[in-house]
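The opening residue of the sequence shown carries number 99 in our numbering; numbering runs sequentially from there.
Virtual Cβ for every residue (Gly too), placed ideally from N, Cα, C.
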Amino acid sequence: MTPQQAKLYKVLGANGEATNGGTGKWFLPHGKRPGKWMPKIKGDLIPCENGYHLCRKQDLIHWLGPSLWEAEYRGECVAAEDKVVVRQARLIRHGETWNDGTARLFACDCAEYALGFVKNPDPRSVDAVRVARLFALGEATGDELAAARAAARAAASAAWGTAWATWDAASAAARAAAWDAASAAWGTARATWDAASAAARATWDAWAAWAASAAARAAARAAARAWMTERLFQYLDGEVGHD
């Protein structure tokens, strides 16, 4: 399946502004009408330098942000390792299932996944994820979340070396739920990505302890990405979620 045939995505700020190092704003769809085509890019298409960057399904885990849009392109397309770069693109529709609640819950899922690879994780780190999930569901207060986060931080300080992967993942999930409401859109995006990255790093580190070969480490990384991608799309496809 070519990129043009497959569903593609664009991650943007809350108001259509570019994120992840980009500049400018995209034309947003209105109702069922797609957004206007963005101006055609001149010159050679170069990943991370020149062109509009879109995500395939397998790329999306690397670029999560406040708002998610289905997109399409026309003209030239250059495939890169974690994106495609195109000469002209437009937004088709908003991904309504990616919202503040699902982003927080996804962050918790990633943290719990990472904690599963830690032998005897500190209960305070586990509890930080539990409380972060309750907060995302509206069943815990900000004070309770802050207390759980502080306890997870104390757990990491008490056993820095062995508890680092646990703290990194669990604290990231707590941070995802602790952002001030005034900056929830950007905060959720950054914290969600932190949690996903932390989960991947924790998984890679835990597996690398026994994975002696480069092939085994690559398999561990691929498994972590595959799990996170599958879980992410369960939220995006509405199989699980948060209104």
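Cβ-Cβ separation, residue j to residue i (assumed contact under 8 Å), whole Å
i	j	result
lysine 181	proline 145	6 Å
alanine 249	alanine 226	7 Å
arginine 221	leucine 213	The residue asked about is misnamed: residue 221 is proline in this sequence, not arginine. 11 Å between Cβ atoms; not a contact.
Cβ pair residue i, residue j closer than 8 Å
i	j	result
leucine 106	alanine 209	no
threonine 195	tyrosine 333	yes
tryptophan 123	glycine 129	Position check: residue 123 holds lysine in this sequence, whereas tryptophan was assumed. It is not a contact, given that the beta carbons lie outside the stated cut-off.
leucine 158	glycine 149	no
alanine 234	glycine 199	yes
valine 183	histidine 151	yes
Where residue i falls: helix, strand or coil (DSSP)
i	result
isoleucine 139	coil
glutamate 115	strand
cysteine 153	strand
threonine 286	Because threonine 286 carries a pLDDT of 40, less than 50, the predicted location of this residue cannot be relied on, and the following value inherits that uncertainty. Three-state DSSP puts threonine 286 in a helix.
glycine 240	helix
leucine 110	strand
alanine 104	coil
histidine 160	helix
valine 183	strand
leucine 213	helix
Nearest residue (CA-CA) to residue i, options the options
i	options	result
lysine 134	Glu237, Tyr171, Pro219	Tyr171
threonine 327	Ala205, Gly149, Asn148	Ala205
aspartate 207	Ala238, Gly336, Arg329	Arg329
aspartate 335	Ala212, Ala246, Lys155, Asp241	Lys155
cysteine 175	Leu166, Arg185, Trp167	Arg185
leucine 166	Glu179, His192, Leu152, Ala321	His192
alanine 187	Ala317, Ala324, Lys138	Lys138
alanine 237	Ala252, Phe215, Leu203, Ala254	The displayed chain sequence assigns glutamate, not alanine, to residue 237. That would be Leu203, whose Cα lies nearest to the Cα of glutamate 237.
valine 338	Ala252, Tyr211, Asn197	Asn197
glycine 173	Phe125, Met136, Ser223	Met136
Residue range of the unbroken beta strand (DSSP E) whose run includes residue i
i	result
glutamate 170	165-177
Residue i: first and last residue of the uninterrupted alpha helix (DSSP H) it sits in
i	result
leucine 330	312-334
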